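*Asks:*
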Amino acid sequence: MSRGRGTRQRAILYLRQSTFREESISLELQESAGREHAARHGYEVVGVESDPGLSGRTFNRPGVAAVMDAVQRGAADVIVLWKWSRLSRNRLDWYLAADRTQEAGGRIESATEPIDTSTSIGRLSRGMMIEIAAYESERAGDQWREAQARRVKLGLTPHGKATFGYFYDRENGIHVPDPVTGPILVDLYRRFAAGETMYGLCIWLNSQGITTLHGKRWTAGNLIQILDKEFAVGRIFYHGQWLPGAHEPLITEAEFAAYRQARKRRSAAPRTEASEYLLSGLTKCGVCGRALTGAAARGRWWYYRCYSARFSGAHQGVQIPTHLVDDTVRAWVEQEAKFRRSVPVETAPKPTADVAALKRTVTQHETSLSRLTVQLAENIISPDAYRLAAAPLEEKLGAARNALEAGTAEEAAPPLRDALVSLADDWDILPVTHRRTLLHRALDAVTIDFNADKHIEIYPAGTYTPSTG
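In my numbering, the protein residues as written are 1 to 469.
1. What does DSSP give as the partner residue(s) for residue 167 in the beta ladder?
2. Between the Cα of residue 98 and those of 199, 236, 79, spot the shortest distance and give me the residue it belongs to.
3. In whole angstroms, what is the alpha-carbon distance linking residue 383 and residue 394?
4. Do you know whose CA, among 46, 84, 70, 10, lies nearest residue 16's CA?
5. Let me know if residue 448 comes out buried or exposed under the rule of 16 or more other beta-carbons within 10 Å of its beta-carbon.
6. DSSP state of residue 185, grouped into three classes?
7. Does the separation of the CB atoms of residue 341 and residue 427 fall below 8 Å?
8. Check this for me: beta carbons of residue 175 and residue 247, under 8 Å apart or not?
9. Taking the continuous beta strand (DSSP E) assigned at residue 237, which residues delimit it?
10. From 41, 302, 249, pick the residue whose C-alpha is nearest to that of residue 77; which is it?
11. Tell me residue 459's beta-bridge partners as DSSP assigns them.
12. If we count Cβ pairs, one from each stretch, closer than 8 Å, do we get three or more for the segment 94-112 versus the segment 60-77?
13. Assuming contact is defined by CB atoms lying nearer than 8 Å, are residue 445 and residue 282 in contact in what I supplied?
14. Using the beta-carbon count (16 or more within 10 Å), is residue 301 buried or exposed?
15. Taking 7 Å as the cut-off, is the C-beta of residue 180 nearer than that to any heavy atom in the ligand COA?
16. Return the first residue and the last residue of the beta strand (DSSP E) that residue 321 is part of.
17. Less than 8 Å between the beta carbons of residue 31 and residue 48, yes or no?
18. Please classify residue 160 as buried or exposed, where buried requires at least 16 other C-beta atoms within 10 Å of its C-beta.
19. Tell me which residue opens and which closes the beta strand (DSSP E) that residue 115 is part of.
20. Residue 367 and residue 456 - do their beta-carbons sit closer together than 8 Å?
21. Kindly indicate which residue of 12, 453, 441 has the alpha-carbon position closest to the one of residue 460.
22. Return the first residue and the last residue of the beta strand (DSSP E) that residue 427 is part of.
23. Between residue 434 and residue 195, which are expected to be in contact by the criterion C-beta below 8 Å, what is the C-beta distance as a whole number of angstroms?
24. Per DSSP, which residues does residue 304 bridge with? Please list them.
25. Just the C-alpha distance for residue 453 and residue 208, rounded to the nearest angstrom, thanks.
26. For residue 339, is the classification buried or exposed, using 16 other Cβ atoms within 10 angstroms of its Cβ as the cut-off for buried?
27. Can you give me the Cβ contacts of residue 69 inside the same chain, cut-off strictly under 6 Å, excluding the 5 residues immediately before and after it?
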């Protein structure tokens, strides 16, 4: 839409507060300079858009989109910046924005770096200013990356962000165990490995008034994010991998491995963790081999049922009260515990994995991969040769690490004898989730044969063969 002669030019101000501390000029100062520039040139200020605290390295900013749209739809004639670098520190983004503005019949001006861009020398000067801004941005990025690399080499995090269980000692630049949240974090690891659920732990945290570092209530999602990190075991995260850290670990390698193994077991059967039924994931139909599901009859009594047979009509008698099955399992646990109390502790089975040998295997594969990487970097071998040699090594390294993790967790886990004795002694006071976790260690399955007067059969670990019926 054309505008008549004598009509005042319309200016829209764009403000951006840099994330770089030395250049974090207030938005108020930028707006004041922009309005003074508009007044000197007789412009009518029709809008102000800003992107507070956003980096100039990205062009994907709402304020930028708004001023570009205003020019392209004819709502503004001039975009006024405090400095040329406010719009972008990326060369390509800047020139694309200038081209789009010019194509729309508008222009971009700087309130503090006046350059007449209608002339060739003016456009050259603007280009030099933009190039300097891009250089400064890249130089700052290089310095920051070098500083990060130095910190990581010393075993320090590349940042000073707080993390649950620790507070950041700014004077020494290191995370230190927090006397309040540190013991809580340790307790959470141990309780989950012992059988409690993420959901149950969140209920406990929230009931105690313990919040996240951001003051929010705990959910299973944000608790998993905290516990899955390897920070509490003394490692730092950098460039996609966990590296040895200089901060004090809160838990041992064995405790973290036990947590990881518990997470894997729960992931394999995600529905059983939050289930209110004691034998969820363990009960099987003795006729068709299908897993039984828990159900309630109007809240008055509970039962396990063969959901498949209920609708297929494959067999009769498709449900059994839960208390009959649970009581049978409890009697078996008490009998097993009584027997195992009579077995001397010395004869308890030792862990099957040779953890020391597995550690040596992992180190050997890591060393071989490091040598290959050095040879690639020094052009001793080609990239294709590196890929061919590295692929089988990485596969072996992954398998060795998994075996080491499982073996370390096995060392940390209480012997099955102790688990059964604890289960028998504390059956009435242990949470359902805790009892179920211990039962999953001791049992493969509990079957109900609906064709044989609902006969209940208990299969200890390693004895159950799934039915193909």
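Where a beta carbon is used, it is the ideal one built from N, C-alpha and C, also for glycine. Only a predicted model underlies this, so the values are computations on that prediction, with no experimental measurement involved.
*Replies:* Put simply:
1. 176
2. 79
3. 15 Å
4. 84
5. buried
6. helix
7. no
8. yes
9. 235-238
10. 41
11. 445
12. yes
13. yes
14. exposed
15. This structure simply doesn't include the ligand COA, nor any ligand for that matter.
16. 319-321
17. yes
18. exposed
19. Per DSSP, residue 115 belongs to no beta strand (DSSP E) and is neither H nor E.
20. no
21. 441
22. Looking at the DSSP string, residue 427 is not in any beta strand (DSSP E), and its letter there is neither H nor E.
23. 4 Å
24. 294, 320
25. 48 Å
26. exposed
27. none
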